[in-house]
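Sequential numbering of the sequence shown, starting at 840, is according to the working numbering. Beta carbons: idealized from backbone N, C-alpha and C, even for Gly. Here the structure is a predicted model, which means the values were calculated and not measured. Since the structure comes first, as structure tokens, the remarks are kept for the end.
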Amino acid sequence: MTSAIPSMLLQTLAELGRSLADFAFPPACWACGNAIPEAAAHLCPPCWDSILSGVRAPARCQRCGCPAPTPRATCANCDAWSKPLPTAASHPVPAPAEPTPPSGPGCAEPTDPRGLAFARAVALGPFDPPMQRAIHALKFRGCRSLAVLLGRRLGEELGPTLAPVQVLVPVPLHPARQRERGYNQSLCIATGLARALGIPVEAQLLRRVVNTRQQARLDASARHQNLAAAFRLARPVPPVQCVAVVDDVMTTGSTLDACARVLLRAGVQTVWAVVLASRFRTEALAWRGSYSSGPT
Ligand SMILES: [Zn+2]
Ligand SMILES: [Zn+2]
């Protein structure tokens, strides 16, 4: 009882402090700037609705996670994944270093050796404005707690889909970039996702040895060449069959592909890509008028 009193007092003081701070600086949505009732929500209800609309689509492509009107194994978004990557010749098909264990349920899709190395991608939604602004906030405005929250929502919304995943591996930042930013947003997303799924995060498994320049303005070929040797294995992989590489956005898939190849070479049987948002091809989303102006 005596130890409970200071704890209760501290809790009350913390709540009072939060109320005073909310009064002095009313919390605003990180995506649109509108007022929100409490800072912990991070986003206003319309922005949350928009961000979660992708997972509430009638169906999703099983391969790339693109919202779809009916269930499908591939779609207009991921058909291009099977085409050879620009520098595929310099990146031979990854061979497991050791005999692979028997495949587990739901985790045995063969990796397409000609295109992207991960077997499947899962995204909370398209890289549309509310999500785009939320990701900008968690990446460039220091809002780590939004990254954790969005990761948790991703796990809560898509838990059954992600059931085969045993370990989460965030895409690492180069140490220089991490010092500059102060944190790795992919690790924050993976942390929230891990809480929802009840699986571990292996934050030290991969390291980024090349400080790749900004990728946003590069085409697919330049991105792939830039990233091909950027990642290394930093420690032995855990004895699991299905690993998910976690990132904030999937653009061409080159970053996730480069990480997946390192893990596959180390003997992981199946690698998935899990992201908050994906730049789905416009034609794949044309059935939804609201997505028709999305980036390609
Ligand atoms: Zn908003
Ligand atoms: Zn697809």
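> Going along the chain, which residues of its own chain have a beta-carbon closer than 7 Å to the beta-carbon of LEU985, five neighbours each way excluded?
Replying inline: TRP869, HIS881, ALA973, ALA976, LEU977
> Among ASN916, ASN873, ARG911, ALA853, which has the Cα closest to the Cα of LEU1124?
Replying inline: ASN916
> Roughly how many angstroms separate the alpha carbons of LEU988 and LEU997, rounded to a whole number?
Replying inline: 14 Å
> If you run the structure through DSSP and keep just helix, strand and coil, what is VAL987?
Replying inline: helix
>> Can you tell me where the alpha helix (DSSP H) holding TRP887 begins and where it ends?
In response: 884 to 891
> In its own chain, which residues sit with a C-beta less than 6 Å from the C-beta of SER1093, not counting the 5 before and 5 after it?
Replying inline: ARG1062, HIS1063, LEU1066
>> For a test of the three-state rule: what should DSSP assign to THR851, helix, strand or coil?
In response: helix
> Looking at ASN916 and ligand 4, is the gap between the Cβ and the nearest heavy atom below 7 Å?
Replying inline: Among the ligands present in this structure, namely ligand 1 and ligand 2, ligand 4 is not found.
> How long is the line joining the alpha carbons of VAL1004 and VAL1082, rounded to whole angstroms?
Replying inline: 6 Å
> Mind checking whether the beta-carbon of GLY873 lies closer than 7 Å to any heavy atom of ligand 1?
Replying inline: First, the amino acid is wrong: residue 873 is Asn here, not Gly. ASN873 Cβ: within cutoff of ligand 1.
> Between which two residues does the beta strand (DSSP E) harbouring LEU1115 extend?
Replying inline: 1109 to 1117
> For the segment 978 to 1030, which segments carrying the beta strand (DSSP E) assignment without a break, of at least 3 residues, lie completely within its bounds, in sequence order?
Replying inline: 1006 to 1009
> Quick one: is the Cβ of CYS982 within less than 7 Å of any heavy atom of ligand 1?
Replying inline: no
>> For ARG1104, list the residues DSSP reports as bridge partners.
In response: Paired residues: none, contrary to the question.
>> Applying the 10 Å Cβ sphere with the 16-neighbour rule, what's the burial state of ALA879?
In response: exposed
>> Mapping the DSSP letters down to three states, classify ASP1087 as helix, strand or coil.
In response: strand
>> My assumption, with CB atoms under 8 Å, is that THR909 sits in contact with CYS900. Please give the rounded CB distance.
In response: Between CYS900 and THR909 the Cβ distance is about 10 Å, and since that is not below 8 Å, they are no contact.
> What number of angstroms, rounded off, separates the C-alpha of GLU1041 from the C-alpha of ALA1112?
Replying inline: 15 Å
> Around the C-beta of ASP1086, are 16 or more other C-beta atoms found within 10 angstroms, so that it is buried, or is it exposed?
Replying inline: buried
> Should THR1051 be flagged as near chain C, meaning a C-beta pair shorter than 8 Å?
Replying inline: Protein chain content of the structure displayed is limited to a single chain, and chain C is not contained in it.
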